[in-house]
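> Under my numbering, the first residue of the sequence shown is numbered 1, with each subsequent residue one higher.
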Amino acid sequence: MEPKHIHIRGARMHNLKNIDVDIPRNRLVVFTGLSGSGKSTLAFDTLYAEGQRRYVESLSTYARQFLGQMEKPDVDSLEGLSPAVSIEQRTTSRNPRSTVGTITEVYDHLRLLFARVGHAHCPECGDRISPQSIQDMVESLLSEPEGTKTIILAPIIDHRKGEHREVFTRLKKEGFVRARVNGEIVSLDEEISLDRNKRHRIEAVVDRLVIRKSVERRLYDSVTTAVGLAEGMLLVNFPEQQRDVMFSEQAACIKCGRSMPELSPRLFSFNNPKGACSECSGLGVKQFFDPSLVVPDGALSLRQGAIAPWGNPWRIGGGGRRRRWEGGDASVYGQQLEAVAAHYGFDLDRPFAKLAKKAQEIVLYGSGGEMIDFEYKGRQRHTRSRAVFEGVIPSLARRFMETSSPGIREWMSGYMNEQVCQVCNGARLTPEALAVKVGSWSIYDLTSFSIARLRTELLAMKFSSQEQMIAGRVIKEINDRLDFLGNVGLGYLSMARNASTLSGGEAQRIRLASQIGSRLAGVLYILDEPSIGLHQRDNQRLIDTLVSLRDLGNTVLVVEHDSDTILAADHVVDMGPGAGVHGGEVVFSGSVDKLRKCAKSLTGGYLSGRLTIEVPEKRRPLPARNKWIRVKGAAINNLRELEANFPLGLLICVTGVSGSGKSSLVIETLYKQAVNHLQGGREQAGPCRSITGLDLVDKVIDIDQSPIGRTPRSNPATYTGVLTPIRELLSKLPEARARGYQPGRFSFNLRGGRCEACEGDGVIRISMHFLPDIYVTCETCNGKRYNRETLEIRYRDKNIADILTMNVEEALSFFAKIPAIRSRLQTLYDVGLSYLALGQSSVTLSGGEAQRIKLARELSKRSTGKTLYILDEPTTGLHPDDIRNLLQVIGRLVDQGNSAVVIEHNLDVIKIADHIIDMGPEGGDGGGTVLVAGTPEEVAACPESFTGQFLKNCL
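(1) Leaving out the 5 sequence neighbours to the left and right, which residues in its chain are closer than 6 Å to Y606 when beta-carbon positions are compared?
(2) How is the alpha helix (DSSP H) around Y869 delimited, first residue to last?
(3) Which residue wins for smallest C-alpha separation from L16, given the options G656, G584 and K911?
(4) Would you decide whether L595 is buried or exposed? Buried here means 16 or more other CB atoms lie within 10 Å of its CB.
(5) Apart from the five residues just before and just after L871, which ones in its own chain have a Cβ nearer than 6 Å to its Cβ?
(6) So, under 8 Å CB-CB, P943 and L931 are touching, yes? Tell me the CB distance rounded to an integer number of Å.
(7) If we require 4 or more residues per run, which alpha helix (DSSP H) segments fall completely within the region 890-922?
(8) When the Cα atoms are used, what is the spatial distance from S658 to Q826?
(9) Considering only DSSP beta bridges, list what K632 is partnered with.
(10) What residue range does the alpha helix (DSSP H) around N539 cover?
(11) Starting from S442, follow its DSSP beta bridges and name the residues at the other end.
(12) Any idea if E203 is buried or exposed, counting beta-carbon neighbours within 10 angstroms, 16 or more meaning buried?
(13) Is there contact between the region 192-212 and the region 164-183, where contact requires at least three CB pairs shorter than 8 Å?
(14) Grab the span of the beta strand (DSSP E) containing G576 for me, first residue to last.
(15) Here's a check: name, in chain order, each residue in its chain whose Cβ is nearer than 7 Å to the Cβ of L171, leaving out the five neighbours to either side.
(16) Spell out a yes or no on whether the region 645-665 and the region 912-929 are touching, meaning 3 or more CB-CB pairs, one atom from each, closer than 8 Å.
(17) When you compare only the Cα positions, how much space is there between L47 and A507?
(18) Please determine if the region 623-637 and the region 689-707 are in contact, where contact requires at least 3 C-beta pairs separated by less than 8 Å.
(19) Taking DSSP's pairing of strands, which residues face S842 in a bridge?
(20) Would you tell me roughly how many angstroms separate the C-alpha atoms of S494 and I526, rounded to the nearest one?
(21) Measure from the alpha carbon of P155 to the alpha carbon of each residue in V186, I129, A230 and V210, then state which is nearest.
(22) Taking Cβ positions, are D544 and G517 nearer each other than 8 Å?
(23) Grouping DSSP H, G and I as helix and E and B as strand, with all else coil, what is C758?
(24) Quick one: what's got a C-beta closer than 7 Å to G328's C-beta in the same chain, skipping five residues either side?
(25) When DSSP labels each residue in this structure, what does I152 get in the three-state scheme?
(26) Quick one: Cα of H200 to Cα of G282, how far?
(27) Between the alpha carbons of R64 and I766, how many angstroms are there, rounded?
(28) Run through the region 431-507 for me and flag every whole beta strand (DSSP E) of 3 or more residues, listed as ranges in chain order.
(29) With the cut-off set at 8 Å, would you say I211 and T150 are in Cβ contact?
(30) Hey, E957 and S834 are a contact pair by Cβ (cut 8 Å); roughly how many whole angstroms apart?
(31) Leaving aside the five residues before and after Q536 along the sequence, list all residues of the same chain whose C-beta is less than 6 Å from its C-beta, in chain order.
(32) Quick check on this structure: which residue in T929, S143, T148 and V332 has the alpha carbon closest to the alpha carbon of T655?
(33) Among R682, N645, S714 and E402, which one has its Cα closest to the Cα of I691?
(34) Among residues of its own chain, excluding the 5 on either side of T224, which ones have a beta-carbon nearer than 8 Å to its beta-carbon?
(35) What does C653 pair with, by DSSP beta-bridge criteria?
(36) So, at 8 Å on beta carbons, what are the nonlocal neighbours of G320 in its own chain, with the 5 sequence-adjacent residues on each side left out?
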């Protein structure tokens, strides 16, 4: 008999306090509670981890060796568990080749649709192309001017890796004498050696002839032989014109002589050589060294270091990293420029911007073929040479291609920009693929549409009865997937959208839609705040999706703070009562109605209305009209010549449905324009006609949800700077001073104090060659990261390793009498991170935690009163009680004279804002405009505003 509950007994992972709880199966269950109360530990680190472990244990020993050993969660017993699927918030892919279409597999079905019912058109004249017979090919060749030389070729290998020895052997056996290999004609009697790791093209040379009427019979025979050998393909080379013409029994344009390859799904894949644009290799964009980044300040002369990547070439050894990269004396660049300036007669001390256009181009792009006399004077050598000057940008491009160092590539990327590929205009595909139409649309046209419009266009397509038999099933499959994506509030996305640009919430909802499409039953689904980034208008559709997943026969467990989702739940588990060491208990487990009545539950208090975030009695007044930042004519993504005004010294909320253009306005335009203007940044800012008022602020800070560090060595203590005074304190202790220890002794990144066996990591990586690497605790330091001598230095009986294991609340009490340390810890406590360990690896932090750590760091700095803070959904992962504390922190920043622009959907934040900019009305093509701007009361009075409709009930 199928169990009705999941029984958890004695769960002790992280801060869980030996808890027992029963969770009903095949129900929608919400885990809620304060940040750090143990929700995610119970859901992901206990339930999901054990579900995964049991699944892996059920596999054969052969399969398990590739999956590694999975640790058993610290729990006494866990019964009634189903196979578990985790749908977390993480960016789907950083691969520039991944798009919404590829990760949802909609693009795979579109490729199949175009391959089966697409109609080929000529990429040059646009005429529809029909298949060619051998007679058509012969007549096309005979129409060439008499006397034209031709080489009849049979394509055998097309862009395939390998040595292909068997191909040459077979051709020789069949009587062929020559072949064209990678564009060069070679004799088959010679030894032909190809690099097996490179792609090659091989064509058999069938005949060479001169076009005359008398050769028609011979031409027909040669074409027949070539077509038979190449499975319907023919390639004709015109050596005098240095051009190739492809013919095919599949399709060719009679007017232009342009042949089309066979319509197959590969032709429409930008990840396959057959379909990818040859110029950008299917990326749609090309990177290039941008002259404006190479010479960021035209007021500097060449001698003053106008060429940023070269620094000041006349300051020996001043190149720093550049000197190591060059591998020689940094002044070599200076001596090159002196020779070029002498040759062309321009002044090295003249500001670069005032040099003649020709001189600027020579410096940046080289002397072409013109030879220059160079003289190099080193410490030990004096040489002369005559050569062309390569130019700064070609030199950088060459070295970028040659280097194998990721660090140098990353440094050089700072001088590069991206532009849309000029050949495919961002479509990623070959002209032949883009010339295939279904209805009146190419595959790129369809992927550029929003999901909502794509569905409409597919339903409106007309097919013949034969085509309908093929296309009907494919389109139904596509539309089913599009419906699922629309139901989770993603109707504004396009299939061509790069996956790396998706937010964590969008990526999670895409995976949720995919799971519904799979129609699995009997599964335990665990989701992490699926409502993040979703407007209240779309919340009900998301809840309906979760309910439909449950109704398939699954247990749906959601970690969530959203009140609508909690109210829709069949069962709620409220964790608490506090965070960190004060949490880890089940405060309540039961129905929503009983939760509202539970006096011990903070969540119940907010749901019932006993607790609430109050609307301020008086909002901050608008500043004078000359104290505003005004953006005019913003035009990026879906913004259409948008005008938006930001009053300074206030808390401003930018609201609107998902995809309405909030991030395009605030991040892509306002923030990046401000960084470039105020801080000399090199951001690719969204274009706008003008932006005024930036001089009224002295700096702009984007407090986003990106990780605070890319390596496990980064942690909250190092990022906020609290570790610096802790190290200084330890270095001033009598024992440390007697040993001569400096603050650096207490860094696990430096030699001296760290454990050298693990180089301060605390774990040792063991390479398993063909298996994944495994990590084991360092036996020398027992995972403490420091050597024995360093750990002997103690403050109040705690060494540096002990301190790093403390959470913020414990450390705040421990260092209560040290103001320099206490003040930094207090800011972490104020933003709701009391439960975080000081030494917790940054890679384990959620996006919301990383964002609040950044906010804490800003709070600990001395305020100038003229800073513009930009926050993107700071309430991510926060309980209403945490939001109350966060709003007090942001309010403190604004009260100091700073300005805060917050992108937010949470009504508790929106209702206390001083000014709102509401965008919409819809997402994607239906958005990109400012619907209404003003106080929350003014927005609530706007009937066109979806935000206003929901805001009415909160004021």
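Glycine included, each C-beta is placed from N, C-alpha and C at the ideal position.
For this structure:
(1) Against the sequence shown, residue 606 aligns to sequence position 606. Correct list, in chain order: P880.
(2) Locating residue 869 in the sequence shown gives position 869, counting from the first residue. First-last for Y869: T867 to D872, but that is the beta strand (DSSP E), not the alpha helix (DSSP H).
(3) Residue mapping note: residue 16 aligns to position 16 of the sequence shown, counting from 1. It is G584.
(4) Along the sequence shown, read from residue 1 onward, the residue named residue 595 stands at position 595. So L595 ends up on the buried side.
(5) The residue you call residue 871 lines up with position 871 of the sequence shown. If we look at L871 and ignore the five residues flanking it on each side, its Cβ neighbours are I703 and V902.
(6) Reading the sequence shown from its first residue, position 943 is the one you call residue 943. Reading the sequence shown from its first residue, position 931 is the one you call residue 931. Contact flag wrong, Cβ pair sits at about 10 Å.
(7) 907-910
(8) In the sequence shown, residue 658 corresponds to position 658, counting from 1. In the sequence shown, residue 826 corresponds to position 826, counting from 1. If I take the Cα positions, the gap works out to 35 Å.
(9) The count along the sequence shown starts at 1 and reaches residue 632 at position 632. Answer by DSSP bridge pairing, in chain order: S690.
(10) Residue 539 sits at position 539 when you count from the first residue of the sequence shown. It spans Q536 to D551 - the alpha helix (DSSP H) in which N539 sits, taken as one unbroken run.
(11) The sequence position of residue 442 within the sequence shown is 442, counting from 1. DSSP, once it has assigned bridges, lists no residue as partnering S442.
(12) Sequence index remark: in the sequence shown, residue 203 carries index 203 (1-based). It is buried - the Cβ of E203 has at least 16 other Cβ atoms within 10 Å.
(13) yes
(14) As a first step, residue 576 must be located in the sequence shown, where it is residue number 576. Where G576 is concerned, the enclosing beta strand (DSSP E) stretches over H571 to G576.
(15) On the sequence shown, residue 171 is found 171 positions in, with the first residue counted as 1. Hits under 7 Å: A179, L188 and A204.
(16) yes
(17) Here residue 47 refers to the residue found at position 47 when the sequence shown is read from its first residue. Here residue 507 refers to the residue found at position 507 when the sequence shown is read from its first residue. So the two alpha carbons sit approximately 22 Å from each other.
(18) yes
(19) Along the sequence shown, read from residue 1 onward, the residue named residue 842 stands at position 842. DSSP, once it has assigned bridges, lists no residue as partnering S842.
(20) Residue 494 sits at position 494 when you count from the first residue of the sequence shown. Residue 526 sits at position 526 when you count from the first residue of the sequence shown. Going from the Cα of S494 to the Cα of I526 covers about 27 Å.
(21) Working through the sequence shown from its first residue, we reach residue 155 at position 155. It is A230.
(22) Residue mapping note: residue 544 aligns to position 544 of the sequence shown, counting from 1. Residue mapping note: residue 517 aligns to position 517 of the sequence shown, counting from 1. No, Cβ-Cβ distance for D544 and G517 is not below 8 Å.
(23) Within the sequence shown, the letter at position 758 stands for residue 758. Coil, per DSSP.
(24) Mapped onto the sequence shown, residue 328 falls at position 328. Low confidence applies to G328: its pLDDT is 39, below 50, so where it sits in the model is not reliable, and the reading given next is rough at best. There are no such residues.
(25) What you label residue 152 is simply residue 152 of the sequence shown in a count that begins at 1. Of the three classes helix, strand and coil, the one that applies to I152 here is strand, per DSSP.
(26) Along the sequence shown, read from residue 1 onward, the residue named residue 200 stands at position 200. Along the sequence shown, read from residue 1 onward, the residue named residue 282 stands at position 282. Roughly 19 Å separates the two Cα atoms.
(27) For the purposes of this step, residue 64 is taken as the residue at position 64 of the sequence shown. For the purposes of this step, residue 766 is taken as the residue at position 766 of the sequence shown. Answer to the nearest angstrom: the Cα atoms are 18 Å apart.
(28) none
(29) Looking up residue 211 in the sequence shown gives position 211. Looking up residue 150 in the sequence shown gives position 150. Contact flag set, yes.
(30) Any question about residue 957 goes unanswered here, given that the chain covers just 1 to 955.
(31) Taking the sequence shown and counting its residues from 1, the one referred to as residue 536 is at position 536. These residues qualify, in order along the chain: F950.
(32) In the sequence shown, residue 655 corresponds to position 655, counting from 1. Checking every option, the nearest Cα to that of T655 belongs to T929.
(33) Your numbering for residue 691 matches position 691 in the sequence shown. Nearest option by C-alpha distance: N645.
(34) Taking the sequence shown and counting its residues from 1, the one referred to as residue 224 is at position 224. Counting only Cβ-Cβ distances below 8 Å, and skipping sequence neighbours, we find I134.
(35) Residue 653 sits at position 653 when you count from the first residue of the sequence shown. In DSSP, C653 forms a bridge with V902 and I916.
(36) Taking the sequence shown and counting its residues from 1, one reaches residue 320 at position 320. At G320 the pLDDT is 35, less than 50, meaning the model places this residue with poor confidence; the figure from the coordinates comes in the next sentence. G311, listed in sequence order.
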